[in-house]
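Engineer: In the working numbering, the protein residues as written are 6 to 161. No residue lacks a Cβ here, since even glycine has one placed at the ideal position from N, Cα and C. Quantities reported herein were computed from a predicted structural model and do not represent experimental measurements.
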């Protein structure tokens, strides 16, 4: 009986940790979108890994402050995204956040195949676009811990 209680306690702790990490990613994903929409180069850049892979073309990209400053000063950004809110662009009621194991049982299990390797411990976050929004693919990020901090290691 004592062994069963200890096993149940360990299982509860593991499940709580998993839920807590998903909640952290949900918060980080929302904060990153907000930083991008508010034109905050420093905060937006801090969310991305130095080894970020763009799944769209498989290329490693520098998502640093300079990249975001140039993006935020572009005519395209000013016309399409400046002043928008996340709810204007994304269907937040359909957001998806999965641990690696959960992701392997979804339609997204092959995300990045050929250009990026998903690993145990990764967390996948996807906010689909809202119908008619200027963002056509939504916002996808694969988060991985780097030096104790969650970073977007790959996305589209």
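Return the chain-ordered list of same chain residues with a C-beta closer than 7 Å to the C-beta of residue 20, the five sequence neighbours on each side being excluded.
Structural biologist: In this prediction, residue 20 has a pLDDT of 47, which is less than 50 and means its spatial position is unreliable; nothing more can be read from the coordinates.
Engineer: Using a Cβ distance threshold of 8 Å, determine whether the region 32 to 42 contacts the region 88 to 102, with at least three qualifying pairs required.
Structural biologist: Short answer: they touch.
Engineer: For residue 154, which residues of its own chain have a beta-carbon under 7 Å away from its beta-carbon, when the five flanking residues on both sides are left out?
Structural biologist: Counting only Cβ-Cβ distances below 7 Å, and skipping sequence neighbours, we find nothing.
Engineer: By a C-beta neighbour count over all protein chains shown, 10 Å radius and 16 as the cutoff for buried, is residue 152 buried or exposed?
Structural biologist: exposed
Engineer: Say whether the region 77 to 88 touches the region 103 to 112, bearing in mind that this needs 3 or more beta-carbon pairs closer than 8 Å, one atom from each stretch.
Structural biologist: no
Engineer: Alpha carbon to alpha carbon, how far is residue 130 from residue 45? Give it in angstroms, no decimals.
Structural biologist: 21 Å
Engineer: Could you pull out every residue in the same chain whose Cβ sits closer than 7 Å to the Cβ of residue 141, ignoring the five residues on either side in sequence?
Structural biologist: 134
Engineer: Among 29, 92, 61, which has the Cα closest to the Cα of residue 119?
Structural biologist: 61
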